[in-house]
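Residue numbers (the working numbering): 7 to 156. All C-beta atoms in this analysis are idealised placements derived from N, C-alpha and C, irrespective of residue type, glycine included. Values in this document were obtained by computation on a predicted structure and should not be read as measured data.
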Amino acid sequence: MNNQALANSAAIGVAPRQWTKQQLKSANGEYPTPYIDHWILQLHGIAPERINDPDVLMQELTRLVERLKLTRVSEHTHYFHPGVSAVIILSESHLSVHTWPELGYLHADIVTCVEKLTNKGLHAAFTDAFAPGHLQIDQLDYCNAVAGKA
């Protein structure tokens, strides 16, 4: 950690965690990373009423989480007039959604610590929930060697 990072940590009252190179070695290479499955979804052409009411949005997200066989722990929404941000905490990690009803747009991030999700399953679940005109799905690769992926 460089001097500026140490000064920044001290200024906000956070004790920096410093590890030796030896401590950072693991089956995942030089720097350990837990298994992370991270999906980013962009949905366009959604009817505004489907994504501008926090209650309606959370009902759809709850059904979506159940369909994907994920485990909901808690949830929170915030309404922006227009637009909604929603987070569902999962026992597997989290789902966050942000909407722009004036653009018919929804952005979602799903992060899990298990291999449960597939592109096909996400496509079906989000299409059924929101009927978008266009859906783009991207998966981030964290080189999950710890879980047996290379």
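Rounded to a whole number of angstroms, what is the C-alpha to C-alpha distance between residue i and residue j?
i	j	result
Q28	Y41	Low confidence applies here, because Q28 scores a pLDDT of 48, under 50, leaving its location unreliable and the question unanswered by this model.
P138	H50	6 Å
D147	D59	33 Å
Q145	D43	8 Å
E54	A135	Looking at the sequence provided, one finds Pro at residue 54 rather than Glu. C-alpha separation (whole angstroms): 13 Å.
V79	P88	27 Å
Considering residue i, what are the terminal residues of the beta strand (DSSP E) in which it resides?
i	result
V90	V90 to L96
I185	Since the displayed the chain opens at 7 and closes at 156, residue 185 lies outside it and no answer follows.
T105	S99 to W106
Is residue i near residue j, with beta carbons less than 9 Å apart?
i	j	result
I46	G110	no
T118	L70	no
L101	A114	yes
E98	K126	no
T68	I52	no
T105	L63	yes
Which partner residues of residue i appear in the DSSP bridge assignment?
i	result
D144	I46
P81	For the sequence presented, residue 81 should be read as Glu rather than Pro. The partner list for E81 (beta bridge, DSSP) reads I94.
On the DSSP letters alone, give me the boundaries of the alpha helix (DSSP H) that residue i sits inside.
i	result
L128	N125 to F136
T68	P60 to R73
Taking three-plus beta-carbon pairs below 8 Å as touching, is the segment 81-96 in contact with the segment 139-146?
no
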